[in-house]
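The block underneath contains the structure these notes are about, expressed in structure tokens.
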């Protein structure tokens, strides 16, 4: 049994342990392995997979991984996802019917309000002001959830529904993490 065969046996054993769940295997959607500290903190949120997939990508930017760091990662991802939602509004509006365009314009305003309240939440987190951070995050949820209203009232399809679900999950995770600081 040569050295190459020994390495192959070791590799096969590691793969077997991973697939059996004996080694940490949390993986971010687009960033490789999620550090165990991030995975542990994310496991205490209502949507741990969403938390890991968004926070895991940014973990290398933080020298210390604690609840505040993971919260900052989540809020940053929440902010970026909201900006993406606004970009999506612009793209979808180009070919939309007038009634849908009006609803999309309302959504854009709500997403802009969400961005403002996320900024206020970020400032509160900097000062470890848990109460203000949670209030701002709750207001952000109300803002983007309002986007659905004109679509439901008009009985038309909301092309942003999937984004709103993701934003809701991210916001719920942020509020849970904020209560841990």
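Residue numbers (mature numbering (1 follows the signal peptide of the UniProt record, and there is no 0)): -28 to -1, 1 to 153. Just so you know, even glycine gets a beta-carbon here, dropped at the ideal spot from N, CA and C.
Segment limits, alpha helix (DSSP H) that includes residue i
| i | result |
| --- | --- |
| residue 22 | 20 to 27 |
| residue 69 | Note, residue 69: premise wrong, no alpha helix (DSSP H); not H, not E. |
| residue 13 | 8 to 14 |
| residue 120 | 120 to 126 |
| residue 134 | 133 to 152 |
Rounded distance between the beta-carbons of residue j and residue i, thought under 8 angstroms
| i | j | result |
| --- | --- | --- |
| residue 78 | residue 119 | 7 angstroms |
| residue 115 | residue 86 | 4 angstroms |
Residue i versus residue j: straight-line alpha-carbon distance, rounded
| i | j | result |
| --- | --- | --- |
| residue 69 | residue 84 | 22 angstroms |
| residue 13 | residue 34 | 14 angstroms |
| residue 154 | residue 150 | Since the first residue of the chain shown is -28 and the last is 153, residue 154 is not available in this structure. |
| residue 60 | residue 76 | 10 angstroms |
| residue 143 | residue 50 | 7 angstroms |
| residue 73 | residue 40 | 39 angstroms |
| residue 46 | residue 38 | 12 angstroms |
| residue 27 | residue 53 | 13 angstroms |
| residue 36 | residue 127 | 48 angstroms |
| residue 88 | residue 71 | 26 angstroms |
| residue 58 | residue 117 | 14 angstroms |
Residue environment, residue i, which counts as buried when at least 16 other CB atoms sit within 10 Å
| i | result |
| --- | --- |
| residue 136 | buried |
| residue 29 | buried |
| residue 129 | exposed |
| residue 103 | exposed |
| residue 21 | exposed |
| residue 125 | exposed |
| residue 133 | exposed |
| residue 145 | buried |
Beta bridge counterpart(s) of residue i as assigned by DSSP
| i | result |
| --- | --- |
| residue 96 | The partner list for residue 96 (beta bridge, DSSP) is empty, contrary to what the question assumes. |
| residue 103 | Residue 103 pairs with nothing; no bridge assigned. |
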